[in-house]
Amino acid sequence: MNKLKGYVKRFMALDASAVILAMIVLIVIISVLAPMITGGTFLTSTNIMNIFRKQTYIGIIACGMTLVMITGNIDLSVGNMMTLLTVICALLTKSVGPVGAILLTLLIGALCGAFNGVLVGPLRLNAFISTLGTTSIFYALALIISSGFTQRAESKLFDVIGSGSLWIFPVPVIIMAVVVAVFWFVLKRTVFGQQLYAIGANQTAAKFSGIRDRLQILIAYILTGICSALAAIVMIARSTSANPQAAGGTEMDVILAVVVGGTSIAGGKGTMFGTVLGFLFIGFMTTGFTFLGMNEYIQSIVTGIILVAALSLDVIKARRNRL
Numbered sequence: 298m299n300k301l302k303g304y305v306k307r308f309m310a311l312d313a314s315a316v317i318l319a320m321i322v323l324i325v326i327i328s329v330l331a332p333m334i335t336g337g338t339f340l341t342s343t344n345i346m347n348i349f350r351k352q353t354y355i356g357i358i359a360c361g362m363t364l365v366m367i368t369g370n371i372d373l374s375v376g377n378m379m380t381l382l383t384v385i386c387a388l389l390t391k392s393v394g395p396v397g398a399i400l401l402t403l404l405i406g407a408l409c410g411a412f413n414g415v416l417v418g419p420l421r422l423n424a425f426i427s428t429l430g431t432t433s434i435f436y437a438l439a440l441i442i443s444s445g446f447t448q449r450a451e452s453k454l455f456d457v458i459g460s461g462s463l464w465i466f467p468v469p470v471i472i473m474a475v476v477v478a479v480f481w482f483v484l485k486r487t488v489f490g491q492q493l494y495a496i497g498a499n500q501t502a503a504k505f506s507g508i509r510d511r512l513q514i515l516i517a518y519i520l521t522g523i524c525s526a527l528a529a530i531v532m533i534a535r536s537t538s539a540n541p542q543a544a545g546g547t548e549m550d551v552i553l554a555v556v557v558g559g560t561s562i563a564g565g566k567g568t569m570f571g572t573v574l575g576f577l578f579i580g581f582m583t584t585g586f587t588f589l590g591m592n593e594y595i596q597s598i599v600t601g602i603i604l605v606a607a608l609s610l611d612v613i614k615a616r617r618n619r620l
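To convert, note that position 179 of the sequence shown is 476 in the working numbering; the numbers rise steadily by one, no gaps.
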């Protein structure tokens with residue numbers, strides 16, 4: 298009995314314990330209600346794999362967003378950045394082929410991230426305001442470049458990326474898993490990752506400790522831009538088209554996943570494991586609500602309530618830590 302209590306205490310001490318419990322409760326409730334409401338079974342291998350597929354874009358971008366938020370900053374432009382990059386990738390495919398389009402899209406994504414990073418890092422502008430401004434720039438550029446029309450992009454390489462699979466795992470899910478593993482290594486095993494935590498905990502102290510805080514923030518934004526580009530490539534590979542208004546609002550899902558996963562909006566705290574749990578929780582929630590036939594507007598209300606609750610808990614914890 299004492300051992301059991303010890304295990305429970307250790308589990309509850311984990312930063313991700315709340316989201317794990319919430320996910321279990323959510324899955325149980327939906328699994329119980331599904332046969333009564335729809336007559337179907339929710340927790341099947343097909344549904345689970347579809348959840349992973351749907352969360353590919355959110356998961357990839359959330360990895361980059363985790364780095365940015367650990368530094369105590371935020372990027373509100375990732376949704377429209379991804380929209381712009383899908384349009385660019387589609388147009389480049391027609392002129393330089395799929396391989397060239399992929400490489401150039403990743404480069405342009407890094408430049409978009411660098412643009413945000415320069416504003417927030419070297420120029421010291423407020424991250425919320427500056428990325429809110431760049432999201433309008435990216436959205437306008439997407440409409441201008443595409444002339445407001447959906448752009449087609451078809452190739453055998455995109456078919457493999459979007460629809461291929463290795464054993465039972467779809468290629469997009471494998472790409473997301475690789476990105477998660479790389480960013481986990483960056484946060485846990487590199488000096489750069491530890492410096493991001495130091496900057497988020499106390500940027501002034503980090504600076505006087507010899508950490509080049511402006512450069513590290515810039516790099517975090519560049520990596521987020523690359524993640525947005527990779528998500529754009531996966532999106533266009535799955536749909537073979539680029540809609541200049543397709544990814545609007547994606548940034549809210551990304552931020553929700555990261556915050557629910559335990560990353561602090563104040564900075565200095567967060568893990569890649571928590572982010573994975575965060576975007577899986579969002580995936581199970583949205584898919585489960587759709588499976589139950591819940592109205593999309595009600596889903597938006599529930600999502601907003603969860604985001605506000607997560608942010609409120611984060612603020613309360615930060616105040617307690619200061620006390």
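Using N, Cα and C, we set each Cβ at its ideal position, and we do this for glycine too.
Please read these numbers as outputs of a predicted model, since none were measured by experiment.
Same chain, Cβ closer than 6 Å to residue i, five either side skipped, listed in chain order
i      : result
Ser538 : Thr447, Arg449
Gln352 : Phe576, Gly580
CB contact below 8 Å: residue i versus chain C
i      : result
Ile355 : Absence of chain C from the displayed structure is noted, only one protein chain being present.
Cβ-based neighbour list, residue i, same chain, cut-off 8 Å, excluding 5 preceding and 5 following
i      : result
Ser452 : Thr390, Gly394, Pro395
Ser462 : Val468
Ser433 : Asn377
Leu323 : Phe578, Phe581, Met582, Gly585
Arg320 : Contrary to the premise, residue 320 reads as Met rather than Arg in this sequence. The residues are Leu574, Leu577, Phe578, Phe581.
Phe489 : Val483, Gln513, Ile516
Residue interval of the alpha helix (DSSP H) (run including residue i)
i      : result
Glu548 : 547-557
Trp464 : First-last for Trp464: undefined, no H or E at that position.
Arg535 : 510-536
Val590 : Correcting the residue identity first, residue 590 is Gly in this sequence and not Val. It is not in any alpha helix (DSSP H) - Gly590 carries neither H nor E in the DSSP assignment.
Leu438 : 424-443
Ser328 : 314-334
Phe339 : Where Phe339 is concerned, there is no enclosing alpha helix (DSSP H), given that its DSSP letter is neither H nor E.
Lys391 : 375-417
Gly361 : 353-367
Gly490 : 488-498
Nearest candidate by alpha-carbon position, reference residue i, set the options
i      : options                        : result
Gln492 : Val365, Gln513, Phe480         : Gln513
Ser314 : Glu593, Phe570, Ile602         : Phe570
Ala534 : Phe588, Ala563, Val316, Thr402 : Thr402
Ala411 : Ala437, Gly369, Thr383, Val365 : Val365
Thr572 : Gly336, Thr335, Asn347, Gly356 : Gly356
Phe586 : Val329, Arg307, Cys409         : Val329
Ile562 : Gly497, Leu388, Leu463         : Gly497
Leu577 : Gly565, Leu553, Lys566         : Leu553
Gly337 : Phe588, Leu408, Leu604         : Phe588
Leu440 : Ile458, Asn377, Val483         : Asn377
Gly601 : Thr584, Pro541, Val557         : Val557
Phe455 : Thr380, Tyr494, Val477, Ala398 : Ala398
Pro332 : Ile519, Gly559, Gly590         : Gly590
Ala478 : Ile334, Ala359, Asn413, Val316 : Ala359
Buried or exposed by the 16-neighbour rule on C-beta atoms within 10 Å, applied to residue i
i      : result
Ser443 : buried
Glu548 : buried
Val325 : exposed
Phe505 : exposed
Asn423 : exposed
Ser342 : exposed
Pro419 : exposed
Ala594 : Correcting the residue type first, residue 594 is Tyr in the shown sequence and not Ala. Tyr594 comes out exposed.
Gly361 : buried
Ala529 : buried
Gln542 : exposed
Ala437 : exposed
Val605 : exposed
Close-in-space but distant-in-sequence residues of the same chain around residue i (CB under 7 Å, 5 per side omitted)
i      : result
Phe349 : Val470
Leu416 : Leu422, Ser427
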